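Some notes on the structure that comes next.
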Amino acid sequence: MIVLGIESSCDDTSVSVLEDGNILSVATNTQLEHIGFGGVIPEIASREHLRFFPAVLEKALKDAGKKPEEIDAIGVTYGPGLVGCLLVGVNFAKGLAFSLSVPVVPVNHIEAHISANFIEHHDIKYPFVVLVVSGGHTELIFVPEYGVYELIGKTRDDAAGECIDKVSKMLGLGFPGGRIIDELAAKGEKDFVNFPRGMRNSLDFSFSGLKTAVKYYIEKHDPEFIRSNISNIAASFLESVTDSLTEKLFRAVKKHKAKTVLLAGGVSANSLLRKKVSEFSVKKGITFHYPHPKYCTDNAAMVAMTAYKKIMKHGIGSYSLTSELDAVPFLKLSEKN
Ligand code: KG4
Ligand code: ZN
């Protein structure tokens, strides 16, 4: 069974080829056009997806050593995400599916981030608690069995990755800020500034207070002081972000008596976050999974894996050839998938 995955929910144009549950190739064009703006510009992103999809598809097939006629099904992200970007991916998938006479499997982007864990770990045990933490999402989800998702906590304002990116911009460190802050923080003193931790008594998250606290801190000190203490400020900031994330994750694990914990999404590549969850898991005798860094940020391998798992569960006959599928920008992770 060969499944093609297609992802275009934000600024990554990505295509992947999967054969019988194993990823053969992933080709991704991460759009650099947004760097100068310090954030993703939706209109530019949609146009770039349109421009790059044919070449990215060609590369994914070539790297996998497969021909288009060998594809059995196409999985595509149809939400949540930027509507124009999703529309390009969905219509590209539908056109390709029509020309090849194969079905389209609609994929939820959040479920795909969770499925990224299954690319290298085929035997993850249910139930588990997963923290999906990316540029657009911060969600704590209890998964009692395959395809059942209970949302138990979410951000009330900014996503963790969004907060990291905005703080990176304030500190003049560039966009996206995750990797930069991750590397800088490793060289800094985490107790240099005591930044706040939001929503302490809840499973929900809040990062806008932290973002404002960093803004005021920058305004209160002269630029030279900020520059010479940049790694200490990054370390203190990241300590606050990861404390907030792990405090709630650990509480959720205890509440649901989960024996398995997962991280997913772009911020799950963060080394401090992984270290904290890893130490907790060892101490509590819990199994901890996280995706390979290349499958943490948006990619089509996680989409192909989600589609493959759906086909295995529901049968390929459950998916139609000429799907009425449309983009759903605010798609929720429904309870039954
Ligand atoms: O999952 P993703 O590619 O896009 C969304 O679905 O939002 O996540 C992108 C986010 C960005 O905010 C980026 O700064 C963050 O993931 N990120 C990281 C790291 N690598 C990427 N955040 C912290 N540490 C990292 N190493
Ligand atoms: Zn994502």
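Note that numbering that gives the first Met the number 0 has the sequence shown beginning at 0, numbered continuously upward.
C-beta: ideal position from N, C-alpha, C; glycine also.
Since the model is a prediction, treat every value here as computed from it, not as a measurement.
Query: Tell me the DSSP secondary structure of A268 in three-state form.; Result: helix
Query: Is the beta carbon of V128 closer than 8 Å to that of V266?; Result: no
Query: Report the CB separation of G160 from G173 in whole angstroms; it is logged as a contact under 8 Å.; Result: Actually they are not in contact, since the Cβ atoms of G160 and G173 sit about 14 Å apart, beyond 8 Å.
Query: Pull the bridge partners of K153 from the DSSP assignment, please.; Result: E138
Query: If you draw a straight line from the C-alpha of S15 to the C-alpha of I217, how long is it?; Result: 42 Å
Query: Report the partner residues of V14 according to the DSSP bridge assignment.; Result: I5 and A26
Query: Mapping DSSP to helix, strand and coil, what is F117?; Result: helix
Query: Could you check what DSSP says for L85 in three-state terms: helix, strand or coil?; Result: helix
Query: Could you tell me whether the Cβ atoms of S24 and A72 are closer together than 8 Å?; Result: no
Query: Ignore the nearest five residues each way along the sequence and tell me which others in G187's own chain have a CB closer than 6 Å to its CB.; Result: S230, N231, A233 and A234
Query: Give the DSSP bridge partners of H288, in chain order.; Result: L261
Query: Of the choices E182, F249, P105 and E223, whose alpha-carbon is the least far from that of D203?; Result: F249
Query: Between C9 and A44, is the Cβ-Cβ spacing less than 8 Å?; Result: yes
Query: From K65, S280 and A263, pick the residue whose C-alpha is nearest to that of I109; which is it?; Result: A263
Query: Terminal residues of the continuous beta strand (DSSP E) containing P105?; Result: V103 to N107
Query: Just curious, the alpha helix (DSSP H) that L60 is in, first and last residue?; Result: P41 to A63
Query: Tell me which residue opens and which closes the alpha helix (DSSP H) that F236 is part of.; Result: I229 to K254
Query: May I ask which residues mark the beginning and end of the beta strand (DSSP E) holding L332?; Result: L332 -> no beta strand (DSSP E), and no H or E assigned at all.
Query: Let me check you understand the geometry: is the CB of A268 closer than 7 Å to at least one non-hydrogen atom of ligand 1?; Result: yes
Query: Go through the residues and name those whose CB comes closer than 5 Å to any heavy atom of ligand 2, in chain order.; Result: S133 and D297
Query: Expressed to the nearest angstrom, what Euclidean distance is found between the alpha-carbon atoms of V260 and H288?; Result: 6 Å
Query: Just to check my reading of the structure: Y125 and V106 have Cβ atoms closer than 8 Å, yes? What is that Cβ distance to the nearest angstrom?; Result: Y125 to V106, Cβ: 20 Å. No contact.
Query: If you follow the alpha helix (DSSP H) that G78 is in, where does it begin and where does it stop?; Result: Unbroken run through G78 is the beta strand (DSSP E), A72 to G78; no alpha helix (DSSP H).
Query: Starting from L130, trace the beta strand (DSSP E) both ways and give me its first and last residue.; Result: F127 to V132
Query: For C84, is the beta carbon positioned less than 7 Å from some heavy atom of ligand 1?; Result: no
Query: To the nearest angstrom, report how far apart G284 and E57 are at their CA atoms.; Result: 45 Å
Query: Classify N200 as helix, strand or coil using the three-state DSSP reduction.; Result: coil
Query: Assuming G78 and F329 are in contact, meaning their beta carbons sit under 8 Å apart, how far apart are those beta carbons, in whole angstroms?; Result: 7 Å
Query: Does the distance from the C-beta atom of H33 to that of I40 stay below 8 Å?; Result: yes
Query: Give me the Cβ distance between L17 and Y307, rounded to the nearest whole Å; I'm assuming they're in contact under 8 Å.; Result: 6 Å
Query: How is V192 classed by DSSP in three states: helix, strand or coil?; Result: coil
Query: Between F97 and F52, is the Cβ-Cβ spacing less than 8 Å?; Result: no
Query: With DSSP run on the structure shown, which of helix, strand or coil describes N298?; Result: coil
Query: Determine, using beta carbons only, whether V327 and G4 come nearer to each other than 8 Å.; Result: no
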